[in-house]
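Residue numbers (this note's numbering): 94 to 313.
Backbone N, C-alpha and C define an ideal beta-carbon position, used for all residues, glycine too.
A quick note: this is a predicted structure, and the numbers were derived from the prediction, not measured.
Beneath this line is the structure, given in structure tokens, with notes to follow.
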Amino acid sequence: MDRDSLKKAVGLAAIKFIQADSIIGIGTGSTVDHFINALDFIKYKIKGVVSSSEQTTNKLKKFGIKILNLNEVKILPIYIDSADEIDHQMCMIKGGGAALTKEKIIASAAKQFICIADISKRVNILGKFPLPIEIIDISRSLVTEEIERIGGTVRYRKGVITENGNIILDVYNLSIKQPEVLEQHINSIPGVVTVGLFAARKADLLLISNPSSGIETITR
Ligand code: 5RP
Numbered sequence: 094m095d096r097d098s099l100k101k102a103v104g105l106a107a108i109k110f111i112q113a114d115s116i117i118g119i120g121t122g123s124t125v126d127h128f129i130n131a132l133d134f135i136k137y138k139i140k141g142v143v144s145s146s147e148q149t150t151n152k153l154k155k156f157g158i159k160i161l162n163l164n165e166v167k168i169l170p171i172y173i174d175s176a177d178e179i180d181h182q183m184c185m186i187k188g189g190g191a192a193l194t195k196e197k198i199i200a201s202a203a204k205q206f207i208c209i210a211d212i213s214k215r216v217n218i219l220g221k222f223p224l225p226i227e228i229i230d231i232s233r234s235l236v237t238e239e240i241e242r243i244g245g246t247v248r249y250r251k252g253v254i255t256e257n258g259n260i261i262l263d264v265y266n267l268s269i270k271q272p273e274v275l276e277q278h279i280n281s282i283p284g285v286v287t288v289g290l291f292a293a294r295k296a297d298l299l300l301i302s303n304p305s306s307g308i309e310t311i312t313r
């Protein structure tokens with residue numbers, strides 16, 4: 094089974110968690126795209142979706158699925174998204190697709206975060222995948238200096254402006270043993286909008302697809 098088939102399988106598996114008449118928060122990326130393809134078949138069952146990006150919004154609109162503004166949503170029971178890495182405490186690195194800020198806001202507003210991922214995303218220690226940080230451009234040197242002081246190697250993601258008008262730094266060479274501490278620390282650097290560490294808001298449930306054992310469900 095290739096990686097895209099694993100993403101497709103786990104996207105489909107998430108459908109059984111969708112309750113009738115509910116509103117769903119949805120992330121961004123290729124795994125989520127598979128989930129949306131499957132959601133198309135049960136779209137009449139749901140009230141609408143809070144979307145984390147233009148990519149996701151455009152796909153949902155193509156299927157005629159109603160987009161809702163988070164500010165107008167009272168209860169968001171569920172948020173479905175993938176990750177770039179997820180550890181055994183259900184902390185994640187996200188932001189490979191540069192949608193981390195809206196993803197973190199919607200995930201934090203949701204009662205339950207279901208992470209859908211193929212087995213390649215499961216790690217013992219976060220940090221092999223470069224950690225994305227969305228920052229305000231003027232803070233680039235300041236943030237870089239502080240991240241280098243704590244041992245990271247910073248690369249500016251060229252040609253990317255986020256939907257919020259900011260830039261992304263990717264941090265290499267981190268071995269993240271205390272994700273909550275690091276998330277708090279990076280968040281405290283002036284100019285940082287969002288760090289792609291999801292530790293304060295972990296996943297509650299992980300659906301993981303594996304070529305040998307199918308879909309495994311892991312709860313926190
Ligand atoms: C986007 C994300 C995605 O969840 C992450 O990059 C995984 O993407 P994919 O499903 O394409 O592997 O955080 O900002």
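For residue i, three-class secondary structure by DSSP
i, result
"A202", "helix"
"E147", "helix"
"R242", "helix"
"P272", "helix"
"R250", "coil"
"G118", "strand"
"A196", "At residue 196 the sequence reads Glu, which differs from the Ala that was named. Reduced to three states, the DSSP call for E196 is helix."
"G157", "coil"
Check whether residue i and residue j have beta carbons under 8 Å apart
i, j, result
"T287", "T150", "no"
Residue i versus residue j: straight-line alpha-carbon distance, rounded
i, j, result
"I240", "R233", "11 Å"
"C184", "G157", "33 Å"
"Q182", "I207", "14 Å"
"A202", "I308", "27 Å"
"A292", "E147", "25 Å"
"P304", "V125", "19 Å"
"G289", "L224", "6 Å"
"D174", "I209", "6 Å"
"K318", "K152", "Absent from the structure is residue 318, since the part of the chain shown begins at 94 and ends at 313."
"D133", "L235", "45 Å"
"G189", "S281", "22 Å"
"I108", "I117", "11 Å"
"Y265", "K221", "7 Å"
"L267", "T246", "8 Å"
ask   = Between the segment 249-262 and the segment 294-308, do three or more beta carbon pairs fall short of 8 Å?
value = no
ask   = Counting Cβ pairs closer than 8 Å, one from the segment 163-177 and one from the segment 264-276, do we hit at least three?
value = no
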